[in-house]
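Data first, discussion second: the structure below is written as structure tokens.
Number of protein chains: 2
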Amino acid sequence: MDRVNVYEVAPRDGLQNEHEVVPTEMKVAFIERLIAAGYTDIEVSSFVRPRWIPQLADASDVVARLPRDTGVTFWALVPNRRGLERALDAGMHAVATFMSASETHNLKNVNRTTRESLAGLREVIATAVAEGMRVRSYISTVFGCPYEGHVDVERTVHLAGELLAAGADHISLGDTTGMAHPQQVFDVLERLQGAGIPLDRLTLHMHDTRGTALANILAGLQAGIRTFDASVSGLGGCPYAPGAAGNAATEDLVYMLHGMGYETGLDLDAVCEAGLFIEDALGRKLPGRYHQYYRGSLDRRGARTA
Amino acid sequence: MDRVNVYEVAPRDGLQNEHEVVPTEMKVAFIERLIAAGYTDIEVSSFVRPRWIPQLADASDVVARLPRDTGVTFWALVPNRRGLERALDAGMHAVATFMSASETHNLKNVNRTTRESLAGLREVIATAVAEGMRVRSYISTVFGCPYEGHVDVERTVHLAGELLAAGADHISLGDTTGMAHPQQVFDVLERLQGAGIPLDRLTLHMHDTRGTALANILAGLQAGIRTFDASVSGLGGCPYAPGAAGNAATEDLVYMLHGMGYETGLDLDAVCEAGLFIEDALGRKLPGRYHQYYRGSLDRRGARTA
Chain D
1 MDRVNVYEVA
11 PRDGLQNEHE
21 VVPTEMKVAF
31 IERLIAAGYT
41 DIEVSSFVRP
51 RWIPQLADAS
61 DVVARLPRDT
71 GVTFWALVPN
81 RRGLERALDA
91 GMHAVATFMS
101 ASETHNLKNV
111 NRTTRESLAG
121 LREVIATAVA
131 EGMRVRSYIS
141 TVFGCPYEGH
151 VDVERTVHLA
161 GELLAAGADH
171 ISLGDTTGMA
181 HPQQVFDVLE
191 RLQGAGIPLD
201 RLTLHMHDTR
211 GTALANILAG
221 LQAGIRTFDA
231 SVSGLGGCPY
241 APGAAGNAAT
251 EDLVYMLHGM
261 GYETGLDLDA
271 VCEAGLFIED
281 ALGRKLPGRY
291 HQYYRGSLDR
301 RGARTA
Chain V
1001 MDRVNVYEVA
1011 PRDGLQNEHE
1021 VVPTEMKVAF
1031 IERLIAAGYT
1041 DIEVSSFVRP
1051 RWIPQLADAS
1061 DVVARLPRDT
1071 GVTFWALVPN
1081 RRGLERALDA
1091 GMHAVATFMS
1101 ASETHNLKNV
1111 NRTTRESLAG
1121 LREVIATAVA
1131 EGMRVRSYIS
1141 TVFGCPYEGH
1151 VDVERTVHLA
1161 GELLAAGADH
1171 ISLGDTTGMA
1181 HPQQVFDVLE
1191 RLQGAGIPLD
1201 RLTLHMHDTR
1211 GTALANILAG
1221 LQAGIRTFDA
1231 SVSGLGGCPY
1241 APGAAGNAAT
1251 EDLVYMLHGM
1261 GYETGLDLDA
1271 VCEAGLFIED
1281 ALGRKLPGRY
1291 HQYYRGSLDR
1301 RGARTA
């Protein structure tokens, strides 16, 4: 059976966009439920400046409280050298860097040109690798930029090549505001492959802003991609920016993959339970379709009603 | 450019599931907005017994108030001979019949065996064709039954063949409770083709209960299907059965199709405006992703805020 790896981003990409700051113990309890569901990779937090993202200011505390020897690789986002040092101090073994393919998005997001970002990340990645860490590098706005619109695929080809050469073992191609369509996914992946970038070094990170995340993932799957980022119950997006949907929902993705005969190692019901847990913790309705169906099924059986 | 036909079901499959009865004039205003968006086919109501679906009890009134000479084919659902007569009396030129592939769903839905339903529909279709009407026939639960689970594709092969032989010009294959996955779509369509049923006589009618509707449609598109049912803003499902999502959302589908270079004849912004109109009329948040993104964009621009 063909294996697909689902890289879970809800504790980081999901919770960083919540208005409420989730207590540390609740984050840990959430991640413990994810571990129990069978993931191999979970992005647990972010070592960006606490002032930027107070929701994840407790990254070191979260990491310190995670269970040991689970076999799961825990990842954390690091924006720069300082973030990497904090991640090292916290005992992380795997970090994720980020920058945008489009100039304007990168400037607005990290206040640097893409050239400056790339130069900085080369150092960060080299240091991380020298410390024995695994590194994945996000490239955002690959499939479109909310400020510039179309983004030339050659920018992504260049950045992906440079980041891999710097030592990243995986590139996550981000459809940051959900603008991609399946033909574009085929085209971008074909171009990257043509430029010598192996598909097994690539991940798709699709947002569901326009409802196309799972269709885009299907296209990636057909093209040969075998790692996909997803977020439990579609957690993410910004609840205070109406219509800014989160990542592809893990439950929907896993339902589709299992139906198609792919092995993920995940227990779908256990993923759903993690989704119910974090929804209850946040106290807002999460957008994932399978998640809502699952909660509805339980409600109808009376399992969750008083 | 390759042409794809989007068959709009919101006024029927959407509104029949709303708790509130939408006033006739509001339904007509909704359909007028759909006409303006560029559809060729709109399913406007249902001539089932008013006692069964009071939400659509005004079918004749709706039809009587629709604009003439729009070039749009208006369709209405008819369950049986009596429904067909009412549709004829109302001046309809196109009707849709329905039955389920699974025995249990058919029994629960229309209180007949599939054999009884098929016998009845053969007559209904023959009469409709003799009256010069076009007929499409829905087959529900093709991809799974909420009572029986797996549904043998041979049941669908048999029913589709019989309904086409009876005079239907199109079969709409329904994933009634959103259980399908893309590989199953490929497999079912391949089997139907193998049985001599041409793809251009087939439509996919996918529900988004588990978030897979658009991915399943993409599979259908790749397999050669060129007509898809969809519902503005994902209208449909039952707001009082938590998690029972509606049809594939038209806006999401059209965004994907246009991005991939397919021509639909639809003005996406005009479809979105129809979605905002019916959402305001219903007073509940509709689930379509692109719809929510569109409303959010307007809110952020201040166009819809006081």
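Protein sequences, first through last, are from chains D and V.
As numbered in the working numbering, the first sequence has no gaps in its residue numbers, which increase by one up to the final residue, 306.
As numbered in the working numbering, the second sequence has no gaps in its residue numbers, which increase by one up to the final residue, 1306.
No residue lacks a Cβ here, since even glycine has one placed at the ideal position from N, Cα and C.
Reduced DSSP category for residue i - H, G, I as helix; E, B as strand; rest coil
i                       : result
residue 143 of chain D  : coil
residue 1005 of chain V : strand
residue 1235 of chain V : coil
residue 1053 of chain V : coil
residue 1305 of chain V : With a pLDDT of only 47 at residue 1305 of chain V, under 50, the local geometry of the prediction cannot be trusted, and the value read off the model is given with reservation. In this structure, residue 1305 of chain V counts as coil in the three-state DSSP scheme.
residue 1225 of chain V : coil
residue 1066 of chain V : coil
residue 217 of chain D  : helix
residue 30 of chain D   : helix
residue 1197 of chain V : coil
residue 254 of chain D  : helix
residue 1263 of chain V : strand
residue 249 of chain D  : strand
residue 1212 of chain V : coil
residue 284 of chain D  : coil
residue 1019 of chain V : coil
residue 1296 of chain V : helix
residue 966 of chain V  : Not covered by the structure: residue 966 of chain V. The range shown for chain V is 1001 to 1306.
residue 48 of chain D   : coil
residue 58 of chain D   : coil
residue 289 of chain D  : helix
Residues near residue i by beta carbon distance below 7 Å, same chain, minus five either side
i                       : result
residue 124 of chain D  : 78, 80, 81, 84 and 97
residue 1266 of chain V : 1006, 1037, 1038, 1039 and 1254
residue 268 of chain D  : 251, 254, 255 and 258
residue 104 of chain D  : 145, 147 and 148
residue 289 of chain D  : 249 and 252
residue 1021 of chain V : 1054 and 1055
residue 215 of chain D  : 182
Closer than 7 Å at the beta carbon, the chain V residues around residue i
i                      : result
residue 215 of chain D : 1214, 1215, 1218 and 1256
residue 249 of chain D : 1211
residue 181 of chain D : 1256, 1259 and 1260
residue 208 of chain D : 1289
residue 252 of chain D : 1210, 1211 and 1212
One or two residues paired with residue i in a DSSP bridge
i                       : result
residue 205 of chain D  : D/174
residue 43 of chain D   : D/75
residue 1230 of chain V : V/1008
Sequence-distant residues of its chain with Cβ nearer than 6 Å to residue i (five each side left out)
i                       : result
residue 56 of chain D   : 16, 45 and 46
residue 137 of chain D  : 97, 163, 168 and 171
residue 3 of chain D    : 263
residue 1087 of chain V : 1047, 1076, 1078 and 1095
residue 210 of chain D  : 178
residue 293 of chain D  : none
residue 1278 of chain V : 1030
residue 90 of chain D   : 60 and 63
Residue i: contacting residues in chain D (beta-carbon distance under 8 Å)
i                       : result
residue 1245 of chain V : 289, 292 and 293
Beta-carbon neighbours of residue i, restricted to chain D and to distances below 9 Å
i                       : result
residue 1184 of chain V : 259 and 260
Cβ neighbours of residue i in the same chain (closer than 8 Å, five flanking residues each side left out)
i                       : result
residue 203 of chain D  : 7, 136, 170, 171, 172, 173, 225, 227, 228 and 229
residue 24 of chain D   : 58, 61, 62 and 65
residue 1305 of chain V : The predicted model places residue 1305 of chain V with a pLDDT of 47, which falls under 50 and marks its position as unreliable; any figure quoted below should be read in that light. So the qualifying residues of the chain are 1299.
residue 157 of chain D  : 191, 192, 195 and 197
residue 1218 of chain V : 1182 and 1256
residue 35 of chain D   : 42, 67, 70 and 72
residue 1108 of chain V : 1147
residue 1287 of chain V : 1208, 1233, 1234, 1237, 1245, 1246 and 1249
**Request:** Would you list, in sequence order, the uninterrupted alpha helix (DSSP H) runs of no fewer than 4 residues that lie entirely inside the segment 145 to 181 of chain D?
**Result:** Within the segment 145 to 181 of chain D, the complete alpha helix (DSSP H) runs of at least 4 residues fall at 153 to 166.
**Prompt:** Can you list the alpha helix (DSSP H) stretches of 4 or more residues lying completely in the segment 79 to 142 of chain D, in chain order?
**Reply:** Assignment of alpha helix (DSSP H) within the segment 79 to 142 of chain D, counting only whole runs of 4 or more residues, yields 81 to 89, 103 to 110 and 114 to 130 in chain order.
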